[in-house]
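There are 2 protein chains.
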Amino acid sequence: MSIFEKARELALIHSSASVLGWDQETYLPPGAEKYRADQLAWLSSRAHELATSDAWKKDLETAESADPGNDPKLTANLREMRREFDRATKLPVDLVARDSVASSLAKHAWADARERSDFSRFAPHLETLLGIAREKADLWGYENEPYDALLDGYERATSTAAVAQLFDQLKPSVREIASRAVENSASHAPALPLGPYPIAAQQRFNAKVAEAVGFDFQAGRIDTTTHPFCTTLGPCDIRLTTRYDEADFTSSLFGVLHEAGHGLYEQGLPADDFGLPSGTAVSLGIHESQSRLWENHVGRSRVFWEKWYPIAQEHFLPLKGFPLEKFLHYLWRAEFSPIRVEADEATYDLHILLRFQLERRMVNGSLPIADVPAAWNELFRELFGFPPKNDRDGCLQDIHWSMGGLGYFATYTLGNINSAQLFAAAKKDASVATAMEKADYLPLLSWLRKSVHAHGATLDPADLILQATGSLPSTDAYLTHIQSRYL
Amino acid sequence: MSIFEKARELALIHSSASVLGWDQETYLPPGAEKYRADQLAWLSSRAHELATSDAWKKDLETAESADPGNDPKLTANLREMRREFDRATKLPVDLVARDSVASSLAKHAWADARERSDFSRFAPHLETLLGIAREKADLWGYENEPYDALLDGYERATSTAAVAQLFDQLKPSVREIASRAVENSASHAPALPLGPYPIAAQQRFNAKVAEAVGFDFQAGRIDTTTHPFCTTLGPCDIRLTTRYDEADFTSSLFGVLHEAGHGLYEQGLPADDFGLPSGTAVSLGIHESQSRLWENHVGRSRVFWEKWYPIAQEHFLPLKGFPLEKFLHYLWRAEFSPIRVEADEATYDLHILLRFQLERRMVNGSLPIADVPAAWNELFRELFGFPPKNDRDGCLQDIHWSMGGLGYFATYTLGNINSAQLFAAAKKDASVATAMEKADYLPLLSWLRKSVHAHGATLDPADLILQATGSLPSTDAYLTHIQSRYL
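Respectively, the protein sequence lines represent chains A and B. Positions 1 to 487 (this note's numbering) are the ones given, in order, by the first sequence. Positions 1001 to 1487 (this note's numbering) are the ones given, in order, by the second sequence.
What follows is the structure, encoded as structure tokens:
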């Protein structure tokens, strides 16, 4: 078997695990959790075994030395497979095992600590996970600071310093825009008319919207979970989920639009290259750009609702007589919430800036774990103007750290920045812009297919943005966007 | 790893494949079929590799020679693992591959032939599959006739001659009962009141019934498919499916009761032994006894409906004013249909007797493939009194042969025979009988748990029946049952 056949075999294992994981979140009977974890562990061992085997190494070396260098896709595929192989094999088996045990214990401890709003119950676990993260960073290697090596696992070929620079540019303006947006909103954001908005009607409406933006139901579906997500079970099998609130149909709809953005990216990757880097999404910051683009730039725009609001009114009786303008102000409301997952577009990035800054200090060693709650509260007050009322609403709110996911948060704001830059570039294409004025988004999707999806992971994220938009990642378009939406 | 650890690993693979197979039938997007087949093929290769490996053989031999012989469960587990290993390894790899290709081609050809009612399009495939089946029988070995070896794959430790003897006993009485039942039914079986019986109400009602007979929704669920089935995704994860007809709620209900019968057996197997013979169902004839018992002996009984009919009337408006007696006569209607899957309790076995007799002749070489349609029609006329109007409604109606499933059909009627014998024995237990008079079936379930489920595959089917009922498999109880139901 060549390394490419091996990579396709690895994809069979990973995607089979994704089927089991999807079922775990959607339909698994409660009593079946334990055995499902065993099934997933077996698949995950097989994947690890294969992807770190001597045979894999030998085949990769064979392919590398046979590369004639005249096919950029081939060269890019080999480069990325090398990167992944090195990252996977630099960690000794016992560290991987310690990591897995520590995360599993930490997840339970975190849930308990959050429930009681008692950081001390989580602190020793976070200490352990942080130690493991630093060990991993040392083994993976980094140029300037340990955080680089962690970030690289989610957003490759960037640096902590580069991200910090983008975030520093963002910070004053975002704070300013957020404050003014919250102030405006307090005075004139109306409430949505009283429901119920029946779930069946929401499902019909969401499916129509998802289909209209190009989501292919021959190669995907929408199910229901507590937390919306998108997962890929095969090259033509992209599953979205959302959750329903009978008091507010927009909750499930924006869940669908966000996840459909991820799903359109996955459906747009070259299916024949499934399992190879050229058939795989490049990074979380690019993935999130696709979800934010469809959720916010498309789904929260006036022109979108000029088309879809009358259709929503046909689906939902309570909207009768509630004017479009009021509905738009409802959509565009802004408010300072202590909770990231409840934050709106105007205030979301402040949550990320805070986490990025604290994580970086934790990983690089300048913030002791014991000081995390105080540092969180202080920085939160600086950014939002008030402190969270307890650690449950503060440094214990997110699951990420308990899963060892240090280095992940930055990709949310990178996604916002990228989404605006890509959307602005797409609109320079006259056919995209003209169609969008009529709420026809298929030319936009074609542009994204060509400029983003078709490349898979053959270009580094920054190069992808440069090639698609003509400039390196910059905060300009994003600031313009939130300014014009909120001020 | 010991052979028992290996067997548990094999169960992880098989049950993961069951998750993928369940999803394939329930929720898979249409475009994802091809890749799903690849994922399943990968899992199936791993399973085959493991279960036929030298390491497996060595570990099995080690365990066999270490068996002190003082633990009947251990000895039974080793005996059954040896039986399975020998069966799996007696077939050379190229035969398994040829079988898989031939079945795959045959399934398409059968669908096409059935559609056109043209046996000649299926005949060459059936010829090939029959040749492969005979090769397998020769490799597996048999005492009296090749059909023994095929039957053994579905119903172990019995013989074709023993089954034929049971079926011969059944034939004259079943024909007689069926004829009279059909005659009676024609004169006084009423129609169900005009629906619709909404699907949501059917789902609520079915779930209540399934729960009442003891199906554990913490370890299982019910979904919707074209053909009802039951599948095991883990020791505490048993999935049933059914299909809905808005004109007749009994269609989905009896689907659920039948599959819940299978599911109760699976839920009753020792969960700690999942993957070992002692945690596995023993045979199809015993499995089918559980489904038929709950579907027919419980679900079509007067006492069951004395309790559930008023509840059904609360769920389904059209039943208002339709008396219980008429409903029972609707349930007990009998009619000669050319199609097995549409047959009622009174006529079902005639379909099986026909198939068993023809299959046996085909496999043993006395019925050439070209003569199958004529032989089918002749025997059908002898049993039912009229010929099927074409091969689509005759020898092309079932999918089994196209999947190479020669030897399978007999287990349906063995299930009927076993179900009646077990039910009659259970009723001899006073606490079971008393509870059943009040439509309380939990003591019956406990009896089945203890007498059937708890043994897994440690006893041969006939010994299981002997131990549970006090006699070897016999047609007496079954004939008494259909006689008293229909005459």
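Glycine included, C-beta positions come from ideal geometry on N, C-alpha and C. Here the structure is a predicted model, which is why all the values come from computation and not from measurement.
The residue from B:His1481, B:Asp1152, B:Ala1420 with its alpha-carbon nearest to that of Asp1086 of chain B is B:Asp1152. Shown here for Asp1393 of chain B: same chain residues with a beta carbon closer than 6 Å to its own, the five before and five after excluded, namely Pro1338 in chain order.
Annotation for Asp168 of chain A: the continuous alpha helix (DSSP H) segment containing it runs 160 to 188. A distance below 8 Å separates the beta carbons of Gly1263 of chain B and Phe1215 of chain B. Chain B has no Cβ within less than 8 Å of the Cβ of Phe4 of chain A. Annotated three-state conformation of Arg1221 of chain B is strand, per DSSP. Interface annotation for the stretch 1207 to 1230 of chain B against chain A: Asp1216, Phe1217, Gln1218, Ala1219, Gly1220, Arg1221, Asp1223, criterion Cβ-Cβ distance under 9 Å. Pairing Glu1437 of chain B with Pro1190 of chain B, the inter-Cα distance amounts to about 26 Å. For Glu1080 of chain B, the nearest beta carbon of chain A is not closer than 8 Å to its own beta carbon. Residue burial annotation: Ser16 of chain A is buried, with at least 16 other C-beta atoms found within 10 angstroms of its C-beta.
Annotation: the continuous beta strand (DSSP E) that includes Arg1239 of chain B extends over 1237 to 1242.
For Val1256 of chain B, none of the residues of chain A pass the 9 Å Cβ criterion, the least Cβ distance being about 16 Å.
Restricted to the stretch 1320 to 1344 of chain B, the alpha helix (DSSP H) segments that are unbroken, complete and at least 4 residues in length are 1324 to 1331, listed in chain order. Taking C-alpha positions only, His1048 of chain B is separated from Gly69 of chain A by approximately 40 Å. At a cut-off of 8 Å, the C-beta of Ala1032 of chain B has a neighbouring C-beta in chain A. Closest option to Ala468 of chain A, judged by alpha-carbon separation, among A:Ala247, A:Phe386, A:Trp447: A:Trp447.
By the 16-neighbour rule on beta-carbons within 10 angstroms, Ala51 of chain A is buried. For Val1298 of chain B and Gln1290 of chain B, the gap between their C-alpha atoms comes out near 11 Å.
When only Cα atoms are considered, Leu130 of chain A and His400 of chain A end up about 12 Å apart. Residue state for Leu1126 of chain B is assigned as helix, using DSSP reduced to three classes. Beta-bridge partners assigned by DSSP to Gly365 of chain A: none are found. The C-beta distance from Glu1342 of chain B to Phe1409 of chain B rounds to 16 Å, too long to fall under 8 Å, and the pair is not in contact.
By the criterion of a C-beta distance shorter than 8 Å, Ser1159 of chain B is surrounded in its chain by Glu1143, Asn1144, Asp1148, Leu1151, once the five residues flanking it on both sides are discounted. Under the DSSP definition of a beta bridge, Gly1234 of chain B partners with B:Asp1237. Spatial neighbours of Asp1429 of chain B in its own chain (CB-CB distance under 7 Å, excluding positions within 5 residues in sequence) are listed in chain order as Trp1447. For Asp1059 of chain B, the nearest beta carbon of chain A is not closer than 8 Å to its own beta carbon.
Going by C-alpha positions, Ala439 of chain A is about 16 Å away from Ala424 of chain A.
Around the Cβ of Arg1134 of chain B, a 10 Å sphere holds 16 or more other Cβ atoms; the residue is buried. The closest CA to that of Ser251 of chain A, considering only A:Arg221, A:Phe336, A:Arg300, A:Gly405, is found on A:Arg300.
With 16 or more other CB atoms across the displayed protein chains lying within 10 angstroms of its CB, Leu1126 of chain B is buried. For Pro235 of chain A, a Cβ of chain B is located within less than 8 Å of the residue's own Cβ. When DSSP states are grouped into helix, strand and coil, Ser431 of chain A belongs to the helix group.
Close to Ser44 of chain A, with beta-carbon spacing below 8 Å, lies no residue of chain B; the smallest spacing is near 11 Å.
Residue burial is scored here from C-beta neighbours: Lys1136 of chain B has at least 16 other C-beta atoms within 10 angstroms and is therefore classed as buried.
Unbroken alpha helix (DSSP H) runs of no fewer than 4 residues, entirely contained in the stretch 1244 to 1287 of chain B, are found at 1249 to 1268, following chain order.
Pairing Asp371 of chain A with Ala97 of chain A, the inter-Cα distance amounts to about 28 Å.
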